[in-house]
Amino acid sequence: MQGQGPGYPGGYGQPGPLSSGGQMAGGGPIQGGPMPGGSPPPASGPMPGGGPLHSGGPRPNDGSRVIPMVDARDVHKSFHHNEVLRGISMQIWRQEVVVLLGPSGSGKTTFLRCINHLEKINHGRIYVDGELIGYRELPNGELREDSEANIARKRAELGMVFQRFNLFPHLTALQNITEAPIRVRGVPRAQAEARARELLAKVGLADKADAYPNRLSGGQQQRVAIARALAMDPKLMLFDEPTSALDPELVGEVLKVMRQLAEEGMTMVVVTHEMGFAREVADRAIFIDGGVIVEQGRPTEMFANPREERTRAFLRKIL
Ligand SMILES: Nc1ncnc2c1ncn2[C@@H]1O[C@H](COP(=O)(O)OP(=O)(O)O)[C@@H](O)[C@H]1O
Ligand SMILES: [Mg+2]
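In this text, residue positions in the sequence shown follow the working numbering: the first is 3, and each later residue adds one.
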């Protein structure tokens, strides 16, 4: 998001984002290494008015660079001849909550899936917390597909919550939550279960540990899914329309858990059309259309005063 200049400080009720990633000195490539095609990549979309949304927080005075939690650089992704992502560049800062908006088919899900390498990308790079995702870089700057073990290790650090809750139907809520910590991380069962009970309490489901998914409402299932993602202590949470499959009366209980996570300082990327949530919780909204970033800004400002006609047209439909 080169148009944004020196990064974007979270603020907006987040605990201490300025000191933990509010800006990125110079915006140059992280951790050295050549960027084929030169760096920085072209901006992924017009950012009329340009410039930082905020003049930025204090720079670290030790000369260190602040590494973004997500640094996507000119990401392109095609399915056959259909280019779905056409040069997405964005940086997401620690403890920042970013809402991705855009019409159906604009590439939002694809982009989230690229962040944890559920999709391979055709061009560009994605770094999470300074580590290249999906590939390793040879000394000559070429990229090679990363090993399965490395991909799995990096993916395990990211929590993903889908539109459909994707719980294992044959496992209880507790077992759904303990499964990955036990199997992937080798956490002792008793310890994993104790943590799972804490997480169930956190999402308001302390009494549902032994319930199977089919005995839980959609909102409860989605809260279990969030607890399951949290059980891996992710550094970043990706949400793909987490409430859009829910009956309207169940949306609030899921958003409440998400809001609480944001208040605790979790870095979150949320695809949602819940504009109230975006306004009240998100630090930044990014509008994507046709696989490019069309516009971004503080949600309150962008929703009240979109700069681009495409954004205006979209907001008219959903606000
Ligand atoms: N696995 C796939 N194979 C082929 N086309 C796909 C695949 N996944 C997504 N697409 C296409 O990519 C485009 C963007 O999809 P998606 O990222 O799901 O958009 P959004 O989440 O914004 O609605 C759509 O045209 C969709 O049909
Ligand atoms: Mg989608």
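Positions of the beta carbon are idealized from the N, C-alpha and C atoms, including for glycine.
Identify whether residue i lies in helix, strand or coil by the three-state DSSP scheme.
i           : result
residue 50  : Any reading at residue 50 is ruled out, since the residue's pLDDT is 37, under 50, leaving its predicted position unreliable.
residue 209 : helix
residue 74  : strand
residue 68  : coil
residue 248 : coil
Evaluate residue i with the Cβ neighbour count: other Cβ atoms within 10 Å of its Cβ, from every protein chain shown; 16 or more gives buried, anything less gives exposed.
i           : result
residue 326 : The question about residue 326 has no answer here: the residues shown for the chain are numbered 3 through 321.
residue 81  : exposed
residue 149 : exposed
residue 2   : There is simply no residue 2 to check, as the chain begins at 3 and stops at 321 in what is shown.
residue 146 : exposed
residue 101 : buried
residue 191 : exposed
residue 229 : buried
residue 171 : exposed
residue 2   : With the chain running from 3 to 321 in the structure shown, residue 2 is simply not present.
residue 97  : buried
residue 155 : exposed
residue 311 : exposed
residue 255 : buried
residue 138 : exposed
residue 185 : exposed
residue 217 : exposed
Return the first residue and the last residue of the alpha helix (DSSP H) that residue i is part of.
i           : result
residue 202 : 191-204
residue 312 : 311-320
residue 228 : 220-232
Specify, as a first and last residue, the run of the beta strand (DSSP E) that residue i falls within.
i           : result
residue 89  : 84-94
residue 300 : Residue 300 -> no beta strand (DSSP E), and no H or E assigned at all.
residue 284 : From DSSP, residue 284 is part of no beta strand (DSSP E); its letter is neither H nor E.
residue 268 : Residue 268 -> no beta strand (DSSP E), and no H or E assigned at all.
residue 242 : 238-242
For residue i, which residues from the same chain have a beta carbon less than 8 Å from its beta carbon, with the 5 sequence-adjacent residues on both sides left out?
i           : result
residue 166 : 247
residue 160 : 117, 118, 130, 236, 237, 238, 239 and 240
residue 199 : 176, 208 and 211
residue 195 : 176 and 180
residue 106 : none
residue 305 : 277, 280, 281, 287, 317 and 321
residue 115 : 121
Can you name, in chain order, every residue of its own chain whose Cβ lies under 7 Å from the Cβ of residue i, other than the five neighbours on each side?
i           : result
residue 308 : 297, 314 and 317
residue 169 : 178, 215, 223, 226 and 227
residue 252 : 219, 220 and 221
residue 320 : 275 and 277
residue 127 : 75 and 134
residue 94  : 70, 71, 72, 100, 269 and 271
residue 303 : none
residue 243 : 165, 273 and 274
Cutting at 6 Å between CB atoms, please list the residues of its own chain near residue i, excluding the five before and the five after it.
i           : result
residue 125 : 78
residue 208 : 202
residue 293 : 86, 87, 88 and 109
residue 283 : 99, 261 and 264
residue 249 : none
residue 257 : 279
Can you find a C-beta in chain C that's less than 9 Å from the C-beta of residue i?
i           : result
residue 177 : No chain C is part of this structure, which consists of one protein chain only.
Practice item. Only counting runs of 4 or more residues, tell me where the alpha helix (DSSP H) segments fall wholly within the segment 102-176, in order along the chain. Key: 110-117 and 150-157
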